[in-house]
Amino acid sequence: MDINFVVEDMFLFKYIGCSTVARTLYKNLKQRPELKLTWDQFRYDTEISHYHTFGPIALLNRRLSGGKRILTAHSTPRVNIGNLALTKAINKRYPDIYRKFDHIVTISESCEQEVREMAPDVPVTRISNGVDREYFKPDTDKRDAFRQMHGLSDDEQIVLTVAQVSPRKGFYDFLTLATRHPDTRFIWVGGFPYGLASKDYLKIKWMIQQR
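Now the structure itself:
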């Protein structure tokens, strides 16, 4: 089976969740000899084109692709709330975009319900995001190296979050808790992959600078 992954992972977009999940899936599927996989935004001649984003390049690919067109719906209108600015204008486009795919993979029950309401005639399959447990596992050496790199003592309590900086990811709650618990080190790893299009971008940047 010939499958092409279409993922707009250029620039900072390679760090957003849909891109990282797509890379994990691609890496694991490459181990299956019966599958012929490629990762090419501009390839149109495969049996299946599997989309993980739907920006302008992906939508052009969908228009030109001759095979089945499958979308994994990492993003839905609900997810954009508290994540992107101009949410209403962006969310209006979803139904028309989703209805033009041949099949949609959803990653959760709430996502599936939302997709079915937007595109009732498109077949849907729910497959939750997987975790590579060979890669994501406890590692004492890396833990110690991380603490040493950032000047953290062995017994210091740490709250670590890895996510985009946005209200949806709980950034304001994170700051509130950090203020209430000065004896605990709070560390946020992540940035603004959408730049100025991120929800409350300027406000959050100002709050970070004040700390």
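Position one of the sequence shown corresponds to residue 2 (my numbering), numbered consecutively onward.
We treat Cβ as the ideally placed atom computed from N, Cα and C, and that holds for glycine.
Note that the structure is predicted; figures quoted are calculated from it, not measured.
The residue among L60, C112, V7, L161 with its C-alpha nearest the C-alpha of I188 is L161. Nearest to R186 by C-alpha distance, out of L203, Y195, H151, Y202, is H151. Counting the other Cβ atoms within 10 Å of the Cβ of D46 gives fewer than 16, which makes it exposed. A straight line joining the alpha-carbon of T107 with that of S129 spans about 7 Å. Ranking E35, A164, S66 by CA distance to the CA of D41 puts S66 first.
Shown here, R44 sits in coil according to DSSP, grouped into three states, outside any helix or strand. Every alpha helix (DSSP H) of 4 residues or more that sits fully in the stretch 24 to 76 is shown, in chain order, as 57 to 65. Bounds of the alpha helix (DSSP H) holding I205 are 202 to 211. R169 carries a helical assignment under DSSP once its states are collapsed to helix, strand and coil. By the CB criterion at 7 Å, A198 and L85 fall inside the cutoff. When C-beta atoms of the stretch 91 to 111 are compared with those of the stretch 141 to 155, fewer than three pairs fall below 8 Å, so the two segments do not count as touching.
In this structure, DSSP gives R134 a state outside helix and strand, which the three-state scheme calls coil. Apart from sequence neighbours up to five positions away, the residues of its chain that approach Y195 with a beta-carbon distance below 7 Å are L85, ordered along the chain.
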